[in-house]
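Inspection log for the structure reproduced underneath, given as structure tokens.
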Amino acid sequence: MILKTILFILFLSPPRVFSPDGTGKKLTIVLDIPDAIRPQITTLNLVRECSDGKIDTLDILPFLKAYTDNSLSHKKDYRYKILAYSNGNLIFESEWSEYTRPTAKWFDKDKLPLFIAMMLFTIIMIYYIAQARANKPLYLRPIAGLEAVNEAIGRATEMGRPIIYINGLTGISDIATIAALNILSHVTKRAGQFETRIVVPCYDPVVYTIAREIVKEAYTTIGRPDLFNPDDVYFATDSQFGYAAHVAARMVREQSATNFFMGYYFAESLILSETGASTGAIQVAGTDSVAQLPFFVVTCDYTLIGEELYAASAYLSREPLLTGTIKAQDLAKLLLVAVIVLLSILSLFKVNITLGLF
Amino acid sequence: MSVRDFFIRLSKIDRKYIYLVILIGLIIPLIFPPHFPQKMSPQVKRVFEYIDTLPKGSYVILSADYDPSVAPEVHPMYKAVVKHCILRGVIPIGMTLGVQGAGLALDAFTEAEKVLGARRDTDYVFLGYQAGGAVVILGLGEDIKSVYKTDYFGTKTTDIYALKPVKNYRDIALVISFSGSAIPATWAVYAYTKYGVKVAAAVTGVSAGDFYPYIQAGQFIGMLAGMKAAAEYEDAVNRILKEKGIGKFSTSAIRMMDANSIGQLLIILFIIIGNIGYFLSRRRK
Amino acid sequence: MHISTNLWIWIQALLTLAIFTFLYKDNPLFRMAEHLFVGLATGYGLVVVYKNAFYPNVWVPLFQEKQFIFIIPFVLGLLYLTSAFPKISYMIRWPMAVLLGIGSGLSIPLTIQTYIIEQSKSSILRPPYSNLISWINALILFVGVVSVLVYFYFSIPHDRPGVKQISKVGLFLLMLGFGASFGYTVMARFSLLVGRLDFLLNKWLGIRPF
Amino acid sequence: MRPLLEKKIPLALVFIIGIIMTLQYFVPHPISQTIYDNSLMWDRAIASMAYIMAIVSFLRFHSRRLKDKNYAPYSLVAILSFAAMVLIGFIGGTGSDSLFQKMYDNMMVPLQATTFSLLAFYMSSAAYRAFRIRGIEATVLMITAFIIIFGTTTIGNYVPKMNEIVEWIMAVPNLASKRGIMIGVGLGVVATSIKIILGIERNWVGG
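Residue numbers (the numbering used here), protein chains in the order written: chain A, -13 to 344; chain B, -6 to 278; chain C, 66 to 275; chain D, 246 to 452.
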């Protein structure tokens, strides 16, 4: 028995080790074990020796053909050898590999096309912003939902009842929330001119602090800092349905004349908008949440769909710098359509090219 | 009041009456179940018939990748599929990629022991939870017993009688991933695309919409979607129980789905009534 | 009928009923439940934020591990408190600026990749398709995506010939998609309601189905 | 001095941090990874401290209402339940057998689930009111919803090809519309992010 095991120990060439990416943390070890031996292996160990002398033994799954060692340092070298056991007996041992260092790179070549696309879009944007600075007037097609914003504010003024404004249920890292906060600024300025009250219950603590700042600033800009009431921009709660229950109840109790739902929403969207519809409020929604759009479209008077939410700030302010970027978005859309159509036509003629990202 | 006026008034009815109708419409079938005759939808049928026609002694992996929050929809499916396998002599291998799935899956196997007298490690195997997600899925394609060194109860997998002939996906007839999230897609990509094992999904109604493109692409052999599929599967298993004279039917999903269907049909009725009223009032003008 | 004798089940049942009363109208019972809900949830949120966010990301690195670089986020966080002092309340913009910078910076490459590139890429026609139906489906996806994009075109009048028709197709598809999502969600939402009613009838009142 | 502190420093911070965070995506070097990990920690750290402001706001909102006869008892409930949850959580711990967890399971979960389930009612009334044959778009929306609602009932299975129609609508035209929306949203998100980093969109510092 002992003799048999000893005979089975094979000394083979060292494992191949290479650096799989530029993170400087990983090394991939190729486990070239003869197929004849594979099925007998019950335990497979990889011994790692670091250039600082530290030796570790890694227990890995016996069938692996390659193993990627994580969390290494790009300032040290490593070498490996393979040990394979069958029921506790060593049956295979390789020589040490060469010392290898995980390479740390400053640019990921695989992401180059993405980088070019990003730069292209940025340049287009800067170009159109410069054009806007030169005061070239831009045509913008009317968006019903945005023309309705002023009408909706006017209604609240006429009826002498408040506006409720919701910034969505995501945090500040979600760009939809930022778009919502920009619209809040316009709505507050406009409502402030007519001394119409605007109530902003908040869901996210950070969004609350920013919303408060924005409303305060908006009132200051129109010269009415006295209109700011800290109790009207407040943190309600950060539980999804607790918030929905609170806002729905508030709509019913205040009989708000106008409700705005901007930003990103989840399942609570319909609780908010259907309650609002039941009080007879005029409602304007704007979201990029694909799953919740249908409910707003059905229950609100006007809905900004997806990209329209992001265009809203530019539309409402009519500031040339902001409208300039809309032109950039349009050009990007045109380019995308061109790429989709062109590559489709080419592949109809059996020409399959891959255009970097596509 | 003419019929026309009736419909016009009905189309402007206060929403409270709608809520009342819905409430009554759901409570009554929950107390007095109507037992709508079930007819299997094609996706469910594909999964059911596939298992139904497997030779005795085949292996099926049932991965309980769900948690209690989606249990009302998904758990009845898991229980029904476990029973179906055991009734047909197919050996289910239970496992989970999420910690919370272990307790739920165990519940299904315990029920199968009680109702069908299934024996652990002979008629079924329960491996339990293994951390790693996609890595586990890939590992099973190479060697199940080295990914799971022991089963849920601590028995060495190499000692489990039922697992003797099983090495990896080549010995598995089907994998079903039960989930309320995107995990079935991970199974499709790693287990089906890489190893060619047949995969099916059992998911909640809400998430089902995301999986239709996978079905169109043939990456799942079928899909159990939402309460409706749970009811259909439960009913089909009940029929086998009846054939074999075992009895002990379970009806939790069927009962809930009957109420569900009535609610949905009420909405349809509302839409029709609303449109009749709207149409009539427009004509008057 | 076997009415539950478990106190927690009773509490659950009463809270469930209190919320349902809002469907009839706003009333004291609902107000009570709503304020209880908001209070509990905010308290829960504070405990969770402290244990899962403040403790591991501020307390441990700064006060236990003495990584003094974490003074910066700590001080930035403290600047939120300046909003109580009108004279320096503008300093609240500094932590806001850091969060906005992190949020928008992270989103740019990720959004280009997952929203723009991936979605456009999968809309390109890539024959051969195995049968007529897959051909038609691919064509619908192709035409659909292009027409919806035209619908979102802001800087040309939509009454121009060509543009008008294509954007109409886009709008038509949007509505179709909305109808589909709405309809598909109905089943799932009814499941939730049936679940609640089943809890009341079965677990609380102990009514077994006949 | 004030414009510097009020506007220029915040705008400079957004600009610098925004560009660093964008570029780190393209840099695999460990330094980039460290920046990424740390920024996420900082983000959570700063956001967690905003919670103090949120709690102050919450308590002020409800304590002011204690003087209002209509709201006093309810706002008192809100304050007391808040205090109870906080005390129980910090004193009794948050383990799986704790009172904190029991309160969550037996009070918050049913409140959440019930509020969520109100959606079934709201869907019914919304469908009743809005699904009318009114212009081509509304009609398309209504008919699609109608088919899908019917197709997902038990009875829908008895109509030939119903399930295939539902699947097809979900997988083809529905997917096309979603993709179109997502591409547009993507452009909007990127454009807005760039505008914020470049300081063109500056409502948050007062325009």
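For each residue, glycine too, the CB sits at the ideal point set by N, CA and C.
If you're wondering where the values come from, they're calculated on a predicted model, not measured in any experiment.
Task: Proximal chain D residues relative to G256(B), where beta-carbon distance stays under 7 Å - done: A365
Open item on the list: Going by DSSP in three states, L76(A) sits in which element: helix, strand or coil?
Closed with: strand
- [ ] Kindly indicate if chain C contains any beta-carbon less than 8 Å away from that of L50(A).
- [x] no
Task: Touching by the beta-carbon criterion (3+ pairs, under 8 Å), the segment 1 to 12 of chain B and the segment 171 to 180 of chain B - done: no
Task: Integer Cβ distance of M216(B) from V196(B), believed to fall under 8 Å - done: 7 Å
Task: Helix, strand or coil at L26(A) according to DSSP, with G and I counted as helix - done: Here the sequence assigns Gln to residue 26(A), which means Leu is not the residue at that position. Residue state, collapsed to three classes: helix.
Task: Opening and closing residue of the alpha helix (DSSP H) in which M352(D) lies - done: From DSSP, M352(D) is part of no alpha helix (DSSP H); its letter is neither H nor E.
Task: At least three beta-carbon pairs within less than 8 Å, the segment 253 to 269 of chain D to the segment 154 to 169 of chain C - done: yes
- [ ] Return the Cβ separation of I77(A) and L32(A) in integer angstroms, given the expectation that the two are a contact with Cβ distance under 8 Å.
- [x] That belief does not hold up - the Cβ atoms of I77(A) and L32(A) are roughly 15 Å apart, past 8 Å.
- [ ] Select from L131(B), P26(B) and E42(B) the residue whose C-alpha is nearest the C-alpha of I233(B).
- [x] E42(B)
Open item on the list: Against R254(C), what residues of chain D qualify as contacts under a CB-to-CB distance less than 7 Å, listed in chain order?
Closed with: L364, A365 and M368
Task: chain B within 8 Å of P226(C), Cβ atoms only - done: no
Open item on the list: For chain C, check one thing: does any of its Cβ atoms lie closer than 8 Å to the Cβ of N268(B)?
Closed with: no
Task: Backbone CA spacing between Q281(B) and A210(B) [nearest angstrom] - done: Here chain B covers residues -6 to 278 and nothing more, so residue 281(B) does not appear.
Open item on the list: Please report the straight-line C-alpha distance between A162(A) and F204(B), rounded to a whole angstrom.
Closed with: 26 Å
Open item on the list: Is the separation between the beta-carbon of I44(B) and that of C78(B) shorter than 8 Å?
Closed with: yes
Task: Coarse secondary structure for R198(A), derived from DSSP in three states - done: helix
Task: Per DSSP, the bridge partner or partners of F247(A) - done: I152(A) and A271(A)
Open item on the list: According to DSSP, simplified to helix, strand and coil, what is C286(A)?
Closed with: coil
Open item on the list: Threshold first: 4 residues or longer. Then list the alpha helix (DSSP H) segments lying entirely within the segment 169 to 233 of chain B, N to C.
Closed with: 176 to 180 and 198 to 209
- [ ] Quick one: give me the first and last residue of the beta strand (DSSP E) that D58(B) is part of.
- [x] Y52 to D58
Open item on the list: Tell me the DSSP secondary structure of I(-12)(A) in three-state form.
Closed with: Confidence is the limiting factor: at I(-12)(A) the pLDDT is only 47, short of 50, which leaves the residue's position unreliable and the question unanswerable from this model.
- [ ] Give the residues of chain A in contact with V210(C), contact being defined as C-beta atoms less than 8 Å apart.
- [x] I326
Task: Residues near M(-13)(A) in its chain [Cβ-Cβ closer than 8 Å; skip 5 each side] - done: Per-residue confidence for M(-13)(A) stands at a pLDDT of 43, beneath the threshold of 50, marking its modelled position as unreliable; the derived number appears in the next sentence. Same-chain partners within the cutoff: there are none.
TODO: Please go through the same chain and pick out, in chain order, the residues whose beta-carbon is closer than 8 Å to the beta-carbon of G338(D), but skip the five residues on each side of it.
DONE: F345
Open item on the list: Please tell me whether T218(D) and I173(C) are closer than 8 Å, where the distance is taken between their beta carbons.
Closed with: Nothing can be reported for residue 218(D): it is not among the residues displayed for chain D, which extend from 246 to 452.
TODO: Starting from I84(B), trace the beta strand (DSSP E) both ways and give me its first and last residue.
DONE: I84 to T89
TODO: Would you tell me roughly how many angstroms separate the C-alpha atoms of S422(D) and Y185(B), rounded to the nearest one?
DONE: 28 Å
Open item on the list: With distance defined between alpha-carbon atoms, name the residue in D58(B), S254(B) and Y154(B) nearest to A124(B).
Closed with: D58(B)
- [ ] Look up F4(A) in the DSSP assignment and give the residues it is bridged to.
- [x] T14(A)
Open item on the list: Assuming contact is defined by CB atoms lying nearer than 8 Å, are S264(A) and Q278(A) in contact in what I supplied?
Closed with: no
Open item on the list: Taking the beta carbon of R34(A) as the centre, do at least 16 other beta carbons fall within 10 Å, making it buried, or is it exposed?
Closed with: buried
Task: Interface positions of the segment 283 to 297 of chain A facing chain D (Cβ-Cβ less than 9 Å), listed along the chain - done: V283, V284, T285, I291, G292, E293, E294, L295, Y296 and A297
Task: Residues of the segment 52 to 67 of chain A with Cβ closer than 7 Å to any Cβ of chain D, in chain order - done: H60
Task: Residue of D(-2)(B), S51(B), R39(B) and N268(B) minimising C-alpha distance to V159(B) - done: S51(B)
TODO: Starting from the Cα of M427(D), find the closest Cα among L322(A), Q241(A), T156(A) and H232(A) and give me that residue.
DONE: L322(A)
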